[in-house]
Amino acid sequence: MSAEARLSAKLAEMGINLPAAAAAKGLYKTVIFDGHLAYTSGHLPVTPDGQILKGKLGKDCDVEAGYQAAELTALGILATMKAALGSLDRIRRVVRLFGMVNSTADFDQQPAVTNGASQLFADVFGPEHGIGARSAMGAGSLPLGVPVEIEAVFEIEQ
Amino acid sequence: MSAEARLSAKLAEMGINLPAAAAAKGLYKTVIFDGHLAYTSGHLPVTPDGQILKGKLGKDCDVEAGYQAAELTALGILATMKAALGSLDRIRRVVRLFGMVNSTADFDQQPAVTNGASQLFADVFGPEHGIGARSAMGAGSLPLGVPVEIEAVFEIEQ
Amino acid sequence: MSAEARLSAKLAEMGINLPAAAAAKGLYKTVIFDGHLAYTSGHLPVTPDGQILKGKLGKDCDVEAGYQAAELTALGILATMKAALGSLDRIRRVVRLFGMVNSTADFDQQPAVTNGASQLFADVFGPEHGIGARSAMGAGSLPLGVPVEIEAVFEIEQ
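Chains as they are written, first to last, in the working numbering: chain A, 31 to 188; chain B, 31 to 188; chain C, 31 to 188.
What follows is the structure, encoded as structure tokens:
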């Protein structure tokens, strides 16, 4: 099954559509290609109807809500990649994910939150190619007060 | 107009000179080259007379001061690149910027702060090549109490 | 002297053994290879008997303890690389380190803490190849409450 087909199945299961690729919210491009690598900008969680999620883990957002925000952020990254590449089938694998989690000083479950993005990529690209290297860390705060910001590096077919 | 010429024009407009390339402040090199990519270390905002800026966004540093600190940090990155390459004209484009903004728990305008660096690179390298992928995040604290730390990846002519 | 021999000498001096390569603690791989580059996941400080260190710089962990935690984290990265490559002698150099330091809002000595990892790599790979580009920043919190998390990029012999 292709990544496109797996994404369709996943979206059907979630009962949502792939969001539109978000425009850059500052002086940056949402993705840059260099040879066989694609570097995405940090993406924020945006609902299918365009609402930006807010919240801080350890305060007003629990791990499950953070997980779902990370999943939504990963969908936004896929929307960016699909808009840039035409098809997600041109993505060979996930090389690296960087999960920045808006956290209180005591919150220590950033990996469990970031798993929301990792699981989505594993579902779409398969467990071998969908899972790459990763760092997850606690950010004292994040742009627009979002609970999670995620950056990805993909290997693509040229 | 070359990047060098645009930088000169920008510096004249700002009324300052390009600072001297900063020495590493620890066990690291300020830039590493790997093929056609240059990875800079995280740079801190240093004034032309060598003073390191301090401050935390959301507390004792407003967005405009943060923007100027990011601009100064970007100048320091250019100083590092010019010292290493001989001329900024050897830089083909900005691939990635990572803006770490020293922030209180509530501050949420890291992109507006990081724009200070992005705008300088856009002015020097032009809007197409000067703007890359980017993540901006809130750091709970930063080395030496600076308001902003910035890391860059450039594509260079070999 | 080879990197393997220098590591053995360093471990003898520290009176410890290289820890076992840690399993991934979430949906990620501990290292990904792309051509001549190896991207590690963020590693946490784990003692040789498997205990994960806890603490926050500026609160219950001083710079010396943080330095030692960074050193231990670097050993864990080497364990990952040795398990993946067979021998550390296949590592040509350190390209980049990213040191995330669990810090209070006022702590500002993240470079001194991260030096614990940088010095170990300099000891093992030599000062020219063991020292790369680096960013060190204050994280408001980190996974499992560790004092430091470190991510590395190495150049390897293919």
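Quick reminder that beta carbons are idealized off the backbone N, C-alpha and C, glycines included.
Simplified DSSP state of residue i, which is helix, strand or coil
| i | result |
| --- | --- |
| C:M167 | strand |
| A:N47 | coil |
| A:I161 | coil |
| A:S148 | helix |
| A:L172 | coil |
| B:A135 | coil |
8 Å Cβ cutoff met for residue i and residue j
| i | j | result |
| --- | --- | --- |
| C:G129 | A:P141 | no |
| B:D153 | B:S32 | no |
| B:V125 | B:G162 | yes |
| B:G88 | B:S133 | yes |
| A:D92 | C:P173 | no |
| C:V143 | C:A100 | yes |
| B:R170 | C:A113 | Looking at the sequence provided, one finds Gly at residue 170 of chain B rather than Arg. The answer is no: Cβ separation not under 8 Å. |
| B:P75 | B:V178 | yes |
| C:V176 | C:I107 | no |
| B:E185 | B:T70 | no |
| A:R123 | A:S148 | no |
| C:L102 | C:T77 | yes |
| B:L150 | B:A104 | yes |
| A:A166 | A:T110 | no |
| B:G146 | B:Q98 | yes |
| A:A95 | A:G85 | yes |
Identified DSSP bridge partners for residue i
| i | result |
| --- | --- |
| B:G129 | B:A166 and B:I180 |
| C:E185 | C:L67 and C:R123 |
Cβ of residue i within 8 Å of any chain E Cβ
| i | result |
| --- | --- |
| C:E185 | The structure shown contains no chain E; the protein chains it does contain are A, B and C. |
key: Residues within the segment 138-152 of chain B neighbouring chain A, beta-carbon criterion of under 8 Å   = D138, Q139, Q140, P141, A142, T144, N145, S148, Q149 and A152
key: Contiguous beta strand (DSSP E) assignments of at least 3 residues, all confined to the segment 35-122 of chain C   = 61-64 and 67-70
task = Check each residue of the segment 161-183 of chain A: if its Cβ is closer than 7 Å to any Cβ of chain B, include it; give the result in chain order.
result = A169, G170, S171, L172, P173, L174, G175, E179 and E181
ask   = In chain order, what residues of the segment 69-94 of chain A put their CB closer than 8 Å to some CB of chain B?
value = Y69, T70, S71, G72 and K86
Near-chain A residues of the segment 39-51 of chain B (beta-carbon distance less than 8 Å), N- to C-terminal order = none
query = Between the segment 95-116 of chain A and chain C, which residues of the former have a C-beta closer than 8 Å to a C-beta of the latter?
reply = Within the segment 95-116 of chain A, no residue places its CB atom closer than 8 Å to a CB of chain C.
Interface positions of the segment 125-139 of chain B facing chain A (Cβ-Cβ less than 8 Å), listed along the chain = V125, R126, L127, S133, T134, A135, D136, F137, D138 and Q139
inquiry  = What are the residues in the segment 54-70 of chain B lying within 8 Å of chain C by C-beta distance?
reply    = K55, G56, L57, Y58, K59, T60, V61, I62, D64, Y69 and T70
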